[in-house]
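**Student:**
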Amino acid sequence: MNLREAVIAVSIALMIALLAYTIGAGGLGPIAPSRLRDLAVSYLINTYNPWNITKSALSLEAVTAIVWDYRGLDTFFETSVLFVSIVGVALVFRGYREKLGLGGKGLSEIVKTSTKVLTPLILIAGISIAIHGHLTPGGGFQGGSFIAVLLVLMSVVFSLDFVIGSGLTSSKLLMLRSIGLVGVLSTSVALVVLGIVLGTHAYIFQNIAREGSPLSMPTWLLDRPTGGTLLFFNLFEALAVAAGLSLAFLVLSLRESEVEEALGESEWYE
Amino acid sequence: MGRVFSYLAVFSMIYSFYVVFTGATSAFSLVLGVIASAVASVVVKPVLISRDLKVSDAIRLFYLVAYYFYYMLVAEVKAHIGIARIVLSRKIKISPAIVEVPYYVGTSYGMTLIAGSITNTPGTVVVQVDTKRKVFFVHWLTATTYEPVKAREEISAEFERYAQKIFG
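Here the protein sequences come in this chain order: A and B.
17 is the number of the first residue of the first sequence in our numbering; add one for each residue after it.
5 is the number of the first residue of the second sequence in our numbering; add one for each residue after it.
#1: If Val14 of chain B sits next to Ser45 of chain B, beta carbons under 8 Å apart, how far is it from one beta carbon to the other, in whole angstroms?
#2: With Arg240 of chain A and Phe32 of chain B assumed to form a contact (beta carbons below 8 Å), what rounded beta-carbon distance in angstroms separates them?
#3: When you compare each of B:Thr29, B:Gly27, B:Ile53 and B:Met5 to Glu136 of chain A by their alpha carbons, which one comes out closest?
#4: Any idea what DSSP makes of Trp84 of chain A, helix, strand or coil?
#5: So the alpha helix (DSSP H) Pro50 of chain B belongs to, where does it begin and stop?
#6: Across which residues does DSSP place Ile102 of chain B in a beta bridge pair?
#7: Quick check: Ile102 of chain B and Ile159 of chain B, are their CB atoms within less than 8 Å of each other?
#8: So, at 8 Å on beta carbons, what are the nonlocal neighbours of Thr216 of chain A in its own chain, with the 5 sequence-adjacent residues on each side left out?
#9: Is Ala259 of chain A closer than 8 Å to Leu189 of chain A when the C-beta atoms are compared?
#10: Suppose you measure from the CA of Gly160 of chain A to the CA of Phe109 of chain A; what does that come to, to the nearest Å?
#11: With a threshold of 8 Å between beta-carbons, can Val105 of chain B be considered close to chain A, or not?
#12: Give the secondary structure of Thr128 of chain B by DSSP, where H, G and I count as helix, E and B as strand, and everything else as coil.
#13: Count the CB pairs spanning the segment 189-199 of chain A and the segment 34-51 of chain A that are closer than 8 Å, and state whether there are at least three.
#14: So which residues on chain A does Ile18 of chain B lean against when the C-beta distance must stay under 9 Å?
#15: Rounded C-beta distance between Leu246 of chain A and Asp85 of chain A? I'm assuming under 8 Å.
#16: Could you tell me whether the Cβ atoms of Ala81 of chain A and Thr63 of chain A are closer together than 8 Å?
#17: Which bits of chain A does Gln132 of chain B rub up against, with CB to CB less than 8 Å?
#18: Can you grab the Cα-Cα spacing for the pair Gly6 of chain B / Lys58 of chain B, in whole Å?
#19: Just reading off the alpha helix (DSSP H) that Gln158 of chain A is part of, what are its end residues?
#20: Roughly how many angstroms lie between the CA atoms of Leu255 of chain A and Ala146 of chain A, to the nearest whole one?
#21: At a Cβ threshold of 8 Å, is Leu65 of chain B touching chain A?
#22: Taking Cβ-Cβ distances shorter than 9 Å, what residues in chain A pair up with Gly37 of chain B?
#23: Cutting at 7 Å between CB atoms, please list the residues of its own chain near Leu169 of chain A, excluding the five before and the five after it.
#24: Going by C-alpha distance, which of B:Tyr108, B:Thr135, B:Ile96 and B:Glu104 is nearest Ile126 of chain A?
#25: With a threshold of 7 Å (Cβ to nearest heavy atom), would Gly260 of chain A be considered close to the ligand MN?
#26: If we count the other Cβ atoms within 10 Å of its Cβ and call it buried at 16 or more, is Arg193 of chain A buried or exposed?
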């Protein structure tokens, strides 16, 4: 070990020691109290509280309950923003069309075959993250992003030609994305529609029965709680996100010059 | 009937992975997993399997398990000891070379299994494959021959014997 390495090692050790001392002495602001704040306590008590369901989301996962129940309207608009941005991407690339024969052979046969075996496993892992969103960390967005990796992987390993040739076109992806969004929307108004039919009160984005509106989404499936709307939200969100991110990647990975060459410039800018 | 077996094979692969991945024991997870796996297998089956499976294909699973134990307990251990000996010896005797190794299995799964087996044992790495001529280009740390057929005897003949039985 030469002098230079020794100096580096000592200075790193010194930095860690000083940082630890500073944080320990409260120099970087107060250390988080061991006592929970009132807001956290209320979430922890109410997120899964079968004894007082009028304040509960009946979900075992507090983050998903907050995201899709306590502030569900917020999340709906976030999903809409993502949808609008995907539409924006499609708009910027207007005139985009899938064109076969752009070349690109993908990676070797060995990588292709191994990826082929991985494909269903990635798909099922993404789905399972989505359907357990109200029980374990994860949820619709995470599961959907997981699935969207598939298209990235496929276009790198098999080439973009293969992806388009296999039928994953942008119009189909946009349709899947829309189905997901419509699903989210229908879930959020499901109880309102039911309320109108039955002649009782219900709120938009209502999940479990509240004071003055006794309707509830189904709360148990077999031996686990479903978190009412949360299971549906996670499922549809996963579909919407998977299709949306895949679409964005598909459109963005197209090389303009190649398309111009294949289509002729006038067609591209028509 | 063959198609049913193909779907069943894909389904059981996906579902068993699902059970392991989620660590599912609740009826909720197990039942939803069946639905999700069924959907997934309908989507991916045409990509995964090109010919319809027969009942007699089930014997291939036995060879797969046998190969797993042979590979992990015999082939890997042998290769590791060989490399460890080279790494620890005072006089390092190596003769690195890239050699051609032919293969004769008919399916891409069999080819991939051989290539993966060669690469995963220390000392040999598949750097490229030519599927038209059906040869691997293998980087071999302790090359004893440049003859393709002889090299195959030393590197991959045993792997291929199993790969032929498992994937054909």
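For every residue, glycine included, the Cβ atom is placed at its ideal position computed from N, Cα and C.
**Tutor:** Taking the coordinates as given:
#1: For the purposes of this step, residue 14 of chain B is taken as the residue at position 10 of the second sequence. For the purposes of this step, residue 45 of chain B is taken as the residue at position 41 of the second sequence. Their Cβ separation, rounded to whole angstroms, is 4 Å, which keeps Val14 of chain B and Ser45 of chain B in contact under 8 Å.
#2: For the purposes of this step, residue 240 of chain A is identified with residue 224 of the first sequence, where counting begins at 1. For the purposes of this step, residue 32 of chain B is identified with residue 28 of the second sequence, where counting begins at 1. Confirmed, Cβ separation roughly 3 Å.
#3: In the first sequence, the residue the question calls residue 136 of chain A occupies position 120. As written in the sequence, residue 136 of chain A is Pro, which differs from the Glu given in the question. Ranking B:Thr29, B:Gly27, B:Ile53 and B:Met5 by Cα distance to Pro136 of chain A puts B:Ile53 first.
#4: Taking the first sequence and counting its residues from 1, one reaches residue 84 of chain A at position 68. Helix at Trp84 of chain A.
#5: Taking the first residue of the second sequence as position 1, residue 50 of chain B is located at position 46. Looking at the DSSP string, the run of the alpha helix (DSSP H) that includes Pro50 of chain B is Ala31 to Leu52.
#6: If you number the second sequence from 1, residue 102 of chain B lands on position 98. Ile102 of chain B is bridged to B:His143.
#7: In the second sequence, the residue the question calls residue 102 of chain B occupies position 98. In the second sequence, the residue the question calls residue 159 of chain B occupies position 155. In this structure, Ile159 of chain B does not lie closer than 8 Å to Ile102 of chain B by Cβ.
#8: Within the first sequence, the letter at position 200 stands for residue 216 of chain A. Contacts found: Ser229, Pro230 and Leu231.
#9: Here residue 189 of chain A corresponds to residue number 173 of the first sequence, with the count starting at 1. Here residue 259 of chain A corresponds to residue number 243 of the first sequence, with the count starting at 1. Cβ atoms of Leu189 of chain A and Ala259 of chain A: closer than 8 Å.
#10: As a working note, residue 160 of chain A is residue 144 in the first sequence. As a working note, residue 109 of chain A is residue 93 in the first sequence. Those two C-alpha atoms are separated by around 23 Å.
#11: Working through the second sequence from its first residue, we reach residue 105 of chain B at position 101. Output row for Val105 of chain B: interface = no.
#12: The residue you call residue 128 of chain B lines up with position 124 of the second sequence. Note: Thr128 of chain B maps to strand in three-state DSSP.
#13: no
#14: Taking the first residue of the second sequence as 1, we reach residue 18 of chain B at position 14. Those within 9 Å of Ile18 of chain B in chain A are Pro136, Leu137, Leu139 and Ile140.
#15: By 1-based counting over the first sequence, the position of residue 246 of chain A is 230. By 1-based counting over the first sequence, the position of residue 85 of chain A is 69. Sure, about 7 Å apart at Cβ, within 8 Å.
#16: For the purposes of this step, residue 81 of chain A is taken as residue 65 along the first sequence, with counting starting at 1. For the purposes of this step, residue 63 of chain A is taken as residue 47 along the first sequence, with counting starting at 1. In this structure, Thr63 of chain A lies closer than 8 Å to Ala81 of chain A by Cβ.
#17: Translated into positions along the second sequence, residue 132 of chain B becomes position 128. Within 8 Å Cβ-Cβ: Ser124.
#18: Residue numbering aside, residue 6 of chain B sits at position 2 when the second sequence is read from its first letter. Residue numbering aside, residue 58 of chain B sits at position 54 when the second sequence is read from its first letter. Going from the Cα of Gly6 of chain B to the Cα of Lys58 of chain B covers about 6 Å.
#19: Numbered from 1 along the first sequence, position 142 holds the residue referred to as residue 158 of chain A. Where Gln158 of chain A is concerned, the enclosing alpha helix (DSSP H) stretches over Gly156 to Val173.
#20: Taking the first residue of the first sequence as position 1, residue 255 of chain A is located at position 239. Taking the first residue of the first sequence as position 1, residue 146 of chain A is located at position 130. Computed Cα separation, rounded: 9 Å.
#21: Start at 1 with the first residue of the second sequence, and residue 65 of chain B comes out as number 61. So, not an interface residue.
#22: The residue labelled residue 37 of chain B in the question sits at position 33 within the second sequence. The answer, in chain order, is Ile140, Ile143, Ser144 and Ile147.
#23: On the first sequence, position 153 is the one that residue 169 of chain A refers to. Once the five neighbours on either side are set aside, the close Cβ partners of Leu169 of chain A are Thr131.
#24: For the purposes of this step, residue 126 of chain A is taken as the residue at position 110 of the first sequence. Checking every option, the nearest Cα to that of Ile126 of chain A belongs to B:Thr135.
#25: The ligand MN is absent from the structure shown, which contains no ligand whatsoever.
#26: Your numbering for residue 193 of chain A matches position 177 in the first sequence. Classification for Arg193 of chain A: buried.
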